[in-house]
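What follows is a single structure, written as structure tokens, with notes after it.
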Amino acid sequence: MEVGGRVCDPKTEEETTMMDLRRGPWTVEEDLTLVNYIDKHGEGRWNSLARCAGLKRTGKSCRLRWLNYLRPDVRRGNITLEEQLLILELHSRWGNQWSKIAQHLPGRTDNEIKNYWRTRVQKHAKQLKCDVNSKQFKDTMRYLWMPRLVERIQAAAAAANTSTAQMSPPTAAADNLSAAASSSDSFAAQVSPASDLTDYYNYPVNNNNNDINYQNQDYYQVNQVFNPDSLTSPPSGSFNHGLEFNSQWFDGGDTTDNLWNSEDIWCLQQQFNM
DNA sequence: AAGTATAACAACCGCCTTTGT
DNA sequence: CACAAAGGCGGTTGTTATACT
Numbered sequence: 001m002e003v004g005g006r007v008c009d010p011k012t013e014e015e016t017t018m019m020d021l022r023r024g025p026w027t028v029e030e031d032l033t034l035v036n037y038i039d040k041h042g043e044g045r046w047n048s049l050a051r052c053a054g055l056k057r058t059g060k061s062c063r064l065r066w067l068n069y070l071r072p073d074v075r076r077g078n079i080t081l082e083e084q085l086l087i088l089e090l091h092s093r094w095g096n097q098w099s100k101i102a103q104h105l106p107g108r109t110d111n112e113i114k115n116y117w118r119t120r121v122q123k124h125a126k127q128l129k130c131d132v133n134s135k136q137f138k139d140t141m142r143y144l145w146m147p148r149l150v151e152r153i154q155a156a157a158a159a160a161n162t163s164t165a166q167m168s169p170p171t172a173a174a175d176n177l178s179a180a181a182s183s184s185d186s187f188a189a190q191v192s193p194a195s196d197l198t199d200y201y202n203y204p205v206n207n208n209n210n211d212i213n214y215q216n217q218d219y220y221q222v223n224q225v226f227n228p229d230s231l232t233s234p235p236s237g238s239f240n241h242g243l244e245f246n247s248q249w250f251d252g253g254d255t256t257d258n259l260w261n262s263e264d265i266w267c268l269q270q271q272f273n274m
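263 is the number that UniProt numbering gives to position 263 of the first sequence; each next residue is one higher, with no gaps.
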């Protein structure tokens, strides 16, 4: 029997179901078996692949393991600022179409993006005590979170430019950008040149936040609506008007979450309590 | 140091669509 | 055209690592 160029011993469906199928975490041996088999015969036809490779797994399980973990081009590690921005932007456009979103983040899987959304974005919605799909939260993302990400990417790019002069290899600049994006070491290992996204959004690198002239219509609006200078200071003692904030929300947590300050919170309170 | 809570990630499940017969 | 199998996708759950008390 030939399966996508493969020749293997046919097994009936009954025989397959009779065989005890393994479930749960994959072992190193299973990974090696799958990788070696795909290396020799290519991917696809997952059910027969699983059978022919001698893996006691469903075709679906093999496919998932390969696509989400074993593929050589799969990119692992922290989601960078640029990737976060792109995820937020694309999700606002397409919703939970994870695979579609993943197509725009090379090396990232739909599963990874989906997990990011659930663990990070929905966490923030929970902290704000609002639904992640609510207009309020979407506005918060669009008008506060995303601009903050842009600012941070710009700041990182500027820092990278400054130090690039002292770094000879081109790759060092990209590495430095990610390191500069945060004092945390977590970014250093995962590098995505900011220029990729600056091109995508076509915004100028400028440290003056108020001068950002976004070509993207959404970000133009962001700048109009959420110009930090337009925010008035929160009245003293006005912090618990219906919204409870974890201190990590603005004081701590990892660098990717640390995009908020008291003014943001006050502003959000005003918006959400309307 | 131990116990608990939370975050992050990997994997499975069910449904829908596509493809082959 | 109808049916079955396979593939793909989004939702959900389980496990492990890490942080916190």
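Glycine included, each C-beta is placed from N, C-alpha and C at the ideal position.
Just so we're clear, the structure is a prediction, and the values are computed from it rather than from any experiment.
task: Answer yes or no: do G59 and L70 have a C-beta to C-beta separation smaller than 9 Å?
output: Translated into the one-based positions of the first sequence, residue 59 becomes position 59. Translated into the one-based positions of the first sequence, residue 70 becomes position 70. No; because the gap between Cβ atoms is not below 9 Å, this pair is not in contact.
Cβ distance (whole Å) where M141 is taken to contact L88 below 8 Å: Here the question's residue 141 lines up with position 141 in the first sequence. Here the question's residue 88 lines up with position 88 in the first sequence. So it is a contact: roughly 6 Å between Cβ atoms.
- request: Could you work out which residue in I79, N36, L34 is closest to A102 when comparing CA atoms only?
  value: Taking the first sequence and counting its residues from 1, the one referred to as residue 102 is at position 102. Residue I79 is the option with its Cα nearest to A102.
task: Just the C-alpha distance for R45 and G107, rounded to the nearest angstrom, thanks.
output: Translated into the one-based positions of the first sequence, residue 45 becomes position 45. Translated into the one-based positions of the first sequence, residue 107 becomes position 107. One C-alpha to the other measures close to 22 Å.
task: Counting only the same chain and skipping the five closest in sequence on each side, list residues whose C-beta sits under 6 Å from that of Y37.
output: As a first step, residue 37 must be located in the first sequence, where it is residue number 37. Closer than 6 Å at the Cβ level, and outside the excluded window around Y37, lie A53.
field: Whole-number beta carbon distance between R65 and R22, since they are thought to touch under 8 Å
entry: If you number the first sequence from 1, residue 22 lands on position 22. If you number the first sequence from 1, residue 65 lands on position 65. The Cβ separation is near 11 Å, so there is no contact.
task: Within its chain, find whatever has a CB closer than 6 Å to the CB of E29; leave out the 5 residues flanking it on each side and keep chain order.
output: By 1-based counting over the first sequence, the position of residue 29 is 29. Closer than 6 Å at Cβ, skipping near neighbours: no residue.
query: Cα separation between L32 and E43?
result: Residue numbering aside, residue 32 sits at position 32 when the first sequence is read from its first letter. Residue numbering aside, residue 43 sits at position 43 when the first sequence is read from its first letter. Roughly 14 Å separates the two Cα atoms.
task: Put T27 into one of helix, strand or coil per three-state DSSP.
output: Position 27 of the first sequence holds residue 27. Coil at T27, not helix or strand.
query: T119 and N68: beta carbons closer than 9 Å?
result: Here residue 119 corresponds to residue number 119 of the first sequence, with the count starting at 1. Here residue 68 corresponds to residue number 68 of the first sequence, with the count starting at 1. No, the Cβ-Cβ distance between T119 and N68 is not below 9 Å.
- prompt: Is Q84 helix, strand or coil when you go by DSSP?
  reply: Residue numbering aside, residue 84 sits at position 84 when the first sequence is read from its first letter. Note: Q84 maps to helix in three-state DSSP.
query: Could you check where the alpha helix (DSSP H) with R63 kicks off and where it finishes?
result: Position 63 of the first sequence, counted from the start, is the residue given in the question as residue 63. Note, R63: alpha helix (DSSP H), 59 to 65.
query: From what residue to what residue does the alpha helix (DSSP H) around residue 317 run?
result: The chain is shown only over 1 to 274; residue 317 falls outside these bounds and no answer can be derived.
- prompt: When the Cα atoms are used, what is the spatial distance from P25 to R63?
  reply: As a first step, residue 25 is located in the first sequence; it is residue number 25 there, counting from the start. As a first step, residue 63 is located in the first sequence; it is residue number 63 there, counting from the start. Each residue's alpha carbon lies about 14 Å from the other.
task: Put P147 into one of helix, strand or coil per three-state DSSP.
output: Here residue 147 refers to the residue found at position 147 of the first sequence. The answer is helix: DSSP assigns P147 an H, G or I state.
Cutoff 6 Å; reference W98; Cβ partners in own chain excluding five residues on either side: Within the first sequence, residue 98 is the residue found at index 98, counting from 1. If we look at W98 and ignore the five residues flanking it on each side, its Cβ neighbours are D110, I113, K114.
task: Along the alpha helix (DSSP H) that carries D73, what are the first and last residues, could you check?
output: In the first sequence, residue 73 corresponds to position 73, counting from 1. Per DSSP, D73 belongs to no alpha helix (DSSP H) and is neither H nor E.
- prompt: What residues in its chain sit with their C-beta under 8 Å from that of K138, if we drop five residues either side in the sequence?
  reply: The residue you call residue 138 lines up with position 138 of the first sequence. Cβ within range, chain order: S92.
- prompt: Hey, how far is the Cα of E151 from the Cα of A160?
  reply: As a working note, residue 151 is residue 151 in the first sequence. As a working note, residue 160 is residue 160 in the first sequence. Straight-line Cα distance between these residues: approximately 14 Å.
Buried or exposed by the 16-neighbour rule on C-beta atoms within 10 Å, applied to W145: Position 145 of the first sequence, counted from the start, is the residue given in the question as residue 145. Looking at its Cβ environment, which holds 16 or more other Cβ atoms inside 10 Å, W145 is buried.
- prompt: Where does L34 fall in DSSP's three states?
  reply: Counting from one through the first sequence, the residue named residue 34 turns up at place 34. Here L34 sits in helix by DSSP.
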